[in-house]
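K.L.:
Start counting the sequence shown at 3; every next residue gets the next number (our numbering).
Below are the structure tokens for one structure; questions will follow.
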Amino acid sequence: MTENDVERLLQQWEETYKKGLLTFWLLLLLSQRKAYPYEMKSAITELSQGTITAEDNSIYRALRRMNQSGIVDSEMRPSKTGPSRRYFFITEIGLELLTKFIRRNIHVFQHPEVANQIQRFDEVDA
């Protein structure tokens, strides 16, 4: 297997991984503050230290799905530079869901046994 093959496989894996975590990053952002979709795109990229980028359509689809599920809601606010904007915010149910997701799926990476296993890869020349 060539280096190009490995890189292609890595890109495919990361694409799947990132799509699955868009909801997490959106809820994490909305747990900090209300936001409108356009600013969410750059905020998620910044919050994830550049590892997650999302297309506008993906953000809108995710927000629509989360709104229908009751984990986010929205309100219209006037804009200083144009039409009103729809700001989204996390609901109590959404905050409970995010908390449980973090406890079940994120905190596992902080367990010493797992953290030590991950740390080994920082020492490998890639």
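Backbone N, C-alpha and C fix where the C-beta goes; we use that ideal spot for every residue, glycine too.
1. What are the partner residues of R79, as DSSP defines its beta bridges?
2. Residue range of the alpha helix (DSSP H) that R122 falls in?
3. Which term fits I61, buried or exposed, when burial requires 16 or more other beta carbons within 10 angstroms of its beta carbon?
4. Cα separation between Y19 and P85?
5. Which partner residues does I92 have in the DSSP bridge list?
P.N.:
So, from the data block:
1. Start at 1 with the first residue of the sequence shown, and residue 79 comes out as number 77. Paired residue(s): R87.
2. Mapped onto the sequence shown, residue 122 falls at position 120. Run containing R122: 114–124, per the alpha helix (DSSP H) assignment.
3. Working through the sequence shown from its first residue, we reach residue 61 at position 59. It is buried - the Cβ of I61 has at least 16 other Cβ atoms within 10 Å.
4. In the sequence shown, counting from the first residue as 1, residue 19 sits at position 17. In the sequence shown, counting from the first residue as 1, residue 85 sits at position 83. Looking at the two C-alpha atoms, the distance is approximately 35 angstroms.
5. Along the sequence shown, read from residue 1 onward, the residue named residue 92 stands at position 90. Beta-bridge pairing links I92 to V74.
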